[in-house]
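*Asks:* Going letter by letter, the sequence shown gives residues 128 to 365 in our numbering. Note that CB positions come from ideal geometry on N, CA and C, so glycine has one too. Quantities reported herein were computed from a predicted structural model and do not represent experimental measurements.
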Amino acid sequence: MIVDIITIFPEMFNDFLSTSIVKRAIEDGRLTVNLHDLREYSHNKHRNIDDTPYGGGTGMLMAFPPFYDVITKLKKENSKVIYLSPQGKLLDQPKVFEIAKYEHLILICGHYEGIDERVLNFVDLEISIGDYILTGGELAVMVLVDAVTRLIPGVITEESVMEDSLTDGLLKYPQYTKPRTYKGFGVPEVLLSGHHEEINKWRKRESLKATLTKRPDLLEKKSLTDAELEIIKSIKDK
Ligand code: 4H7
């Protein structure tokens, strides 16, 4: 996947791109990230890219011409232009799977009070990472790139993806590692039994239980099997 990022703060991405799984995906040639400093597309010698809003009001807006120039330069047949904004559709794991299939992303980072609306003519997807306001779009872009990179084939094992919380629309079951007890805090006995069928049954039940108590809204969206409905009933009856 090729990702072009349009930002006034390219340096914010340095640590992100040189750490952990994103770093490895780049080294292995599965991901290419190009940073584009919007100021290089400024139309004046002061490298300004902002201006005051027509109709008045507080603050500044990011101007249209620099975006027009950089997007039309980068956009190809297979590109998807994504604008991260508080007005976007909420990002969830199914949406991340969908975006991970695209070959070329152009990601726009907003600042100030937002962007001249004419940029929207060049945007394929407007996405929000959650119902809160960030100073700039860079952190939102990093969230999207992180979530998508994990799903590029070969970056992590298909098994790990299947094991993720939310891949099946449910929260993950509780997990434990050594030591077996510490300061009186133990581990559920079934996990120490070596009885794989029992362990899988326990995990399925705990996964449904966690979703039911922490995120009941997720169960509304998911189509549940008869077996799952049966387990939920027995959890509720307890
Ligand atoms: C686009 C338009 C994404 C991007 C406006 C970006 C939250 C999200 C931004 C703005 C973002 C999200 C700039 C409006 C800063 C508010 C103080 C960048 N915030 N901002 N202003 N939820 N901010 O995905």
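Any chance the CB of ALA267 is under 7 Å from a heavy atom of the ligand 4H7?
*Replies:* yes
*Asks:* Work out the CA separation of GLU290 and PHE312 for me, nearest whole Å.
*Replies:* Whole-angstrom Cα-Cα distance: 26 Å.
*Asks:* Got a sec? Which residues, its chain only, sit under 8 Å from PHE249 by beta carbon, not counting five neighbours each side?
*Replies:* Answer for PHE249: PHE194, TYR195, ILE198, THR199, LYS202 and VAL208, listed in chain order.
*Asks:* Report, in whole angstroms, the separation of the C-beta atoms of THR134 and LEU162, which I expect to be a contact under 8 Å.
*Replies:* 7 Å
*Asks:* Under the three-state reduction of DSSP, which class applies to GLN214: helix, strand or coil?
*Replies:* strand
*Asks:* By a C-beta neighbour count over all protein chains shown, 10 Å radius and 16 as the cutoff for buried, is GLU265 buried or exposed?
*Replies:* GLU265 is buried by the Cβ-count criterion.
*Asks:* How long is the line joining the alpha carbons of PHE191 and ASP178, rounded to whole angstroms?
*Replies:* 10 Å
*Asks:* Cβ-heavy atom distance between LEU261 and the ligand 4H7 below 7 Å?
*Replies:* yes
*Asks:* Using the Cβ count rule (16 or more neighbours within 10 Å means buried), how would you classify ILE379?
*Replies:* This structure cannot speak to residue 379, because the chain is shown only from 128 to 365.
*Asks:* What would DSSP say about TYR239, mapped onto helix, strand or coil?
*Replies:* coil
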